[in-house]
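Mapping of the sequence shown onto this note's numbering: residues 1 to 93, in sequence order.
From the three backbone atoms N, C-alpha and C, an ideal C-beta is built for every residue, glycine too.
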Amino acid sequence: MLTGVWENPTIGLNEVIKYNKIKLIMGHYEDLWYEIHDDIKKRGLNKEFDAQLEKMRSQDKHKHKEVRDRWSYAHSKVVNLSTKQLSNKKALN
1 MLTGVWENPT
11 IGLNEVIKYN
21 KIKLIMGHYE
31 DLWYEIHDDI
41 KKRGLNKEFD
51 AQLEKMRSQD
61 KHKHKEVRDR
71 WSYAHSKVVN
81 LSTKQLSNKK
91 ALN
């Protein structure tokens, strides 16, 4: 979906598109939340993910972030920690 104010609405083959504050949005917030929720559920990391979100609520650097950013950060953090733990267990065996 495109949003913004177009300066030149007519576009030819060789014209440069000029726009003011246009945003290219690949999906909706719901898509991201579904993908994160689905991935966390498949990996069995529900408790860890919820604990990470809860922990972030009291941290100043995360307090004023948007929900989408907090979920993305918590997802990557929990998945990375889980991956490291699995690789450490494999290295010990």
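Residue i (DSSP reduced to helix, strand or coil)
i: Leu45; result: coil
i: Gln59; result: coil
i: His64; result: coil
The alpha helix (DSSP H) enclosing residue i, as first and last residue numbers
i: Gln85; result: 67-92
Buried or exposed (CB count within 10 angstroms, at least 16 for buried), residue i
i: His75; result: buried
i: Gln52; result: buried
i: Val67; result: exposed
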